[in-house]
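Here my numbering is used: the first residue of the sequence shown is 31, the next is one more, and so on. Each residue gets a CB set at the ideal place from its N, CA and C atoms; glycine is no exception. Keep in mind the model is a prediction, meaning the values are calculated, not measured. All remarks here apply to the structure that follows.
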Amino acid sequence: MHDHRHDQRGSGPRGPRFGGGRAHHGVGFPGRDRGEHGGRGGFGPGPMGFGGRGGFGPGMGFGPGFGGPGFGRERRRRGDVRLAILGLLAEGPQNGYAVIKTIAERTGGAWKPSPGSVYPTLQQLVDEDLVVSTGDGRKTLFELTDAGRAEAEAKADEIAAAWESTPGMPDSQREFVEALRKTMGVLHMYRTSATDEQVKAASAKVDQLRKDLLQILAD
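Encoded structure:
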């Protein structure tokens with residue numbers, strides 16, 4: 031499958047929607063989205079989320095958001111789902127259904143956002159050029175742009191804090207999120223201040239880590 035990530039704008043301010051598998055800047059609102067992640071699984075080379083290939087935690091829907099039912103105002107919950115999606119897409123490209131499924135899994139089923147909350151937030155991120163969508167229909171994948179990765183890096187602490195406050199989150203997941211947050215901080219240093227030789231050496235380490243993590247899943 032070819033990967034078209036360029037900013038391809040069509041007619042209209044938001045460009046083509048679900049057109050021919052191209053990278054585009056419109057988010058549709060499918061009624062029944064049943065795809066899986068479809069991304070190129072986490073911890074590969076790159077600046078964010080071990081290469082922009084893997085994600086974090088919950089957001090807003092017709093149920094409890096971060097902190098449980100009635101937590102904060104509606105405006106706060108909208109901010110939470112934005113942080114959640116930024117964190118998830120920092121780990122790697124996902125479709126809308128995968129975002130919803132991952133949030134539910136990481137909260138132990140305590141909260142599952144609705145498509146009516148996830149897709150409008152994705153659309154907003156697309157409109158802000160923080161996310162680009164590739165594919166069409168149920169197979170549409172959403173991926174952070176360079177600006178989106180920078181946004182997620184800048185808000186890594188907020189993403190982690192929001193995720194860690196989620197009820198029903200297992201201790202192992204909390205530890206993982208905290209470890210990931212710390213690692214992202216180090217990766218950001220390589221993105222902004224490392225020499226070419228240091229980046230090359232770090233890339234080899236990250237690639238080995240990716241292989242080691244995949245092996246853990248395979249065991």
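Check, Outcome
"Start-end ranges of the alpha helix (DSSP H) lying completely within the segment 129-191, minimum 4 residues", "145-157 and 176-184"
"Sub-8 Å separation of G126 and P145 beta-carbons", "yes"
"Close Cβ partners of R211 (< 6 Å) along its chain, the five nearest in sequence each way excluded", "A186 and A190"
"Length of the line joining the Cα atoms of S163 and S147", "17 Å"
"Burial state of E183 (16 or more Cβ within 10 Å)", "buried"
"Short Cβ contact (8 Å threshold) for L113 with E173", "no"
"Exposure label - T222; buried when at least 16 CB within 10 Å", "exposed"
"Within-8 Å CB hit, Q245 to chain B", "Structure shown: chain B not included; a single protein chain is present."
"Straight-line gap, E220 to K235 (C-alpha atoms, nearest Å)", "First, the amino acid is wrong: residue 220 is Tyr here, not Glu. Their backbone Cα atoms lie some 12 Å apart in a straight line."
"Between the CA atoms of V216 and L247 - distance to the nearest angstrom", "24 Å"
"Nearest residue (CA-CA) to E188, options L171, D166 and M214", "M214"
"A128 classed as buried or exposed, judged by whether at least 16 other C-beta atoms fall within 10 angstroms", "buried"
"Distance between D242 and V111 (C-alpha atoms, nearest Å)", "31 Å"
"Residues near H67 by beta carbon distance below 6 Å, same chain, minus five either side", "Low confidence applies here, because H67 scores a pLDDT of 38, under 50, leaving its location unreliable; read the following figure in that light. Contacts found: Q124 and A128."
"Whether I130 touches P150 by CB criterion (8 Å)", "no"
"First and last residue of the uninterrupted alpha helix (DSSP H) at T222", "D201 to S223"
"C-beta contact flag for D159 and A134 at 8 Å", "no"
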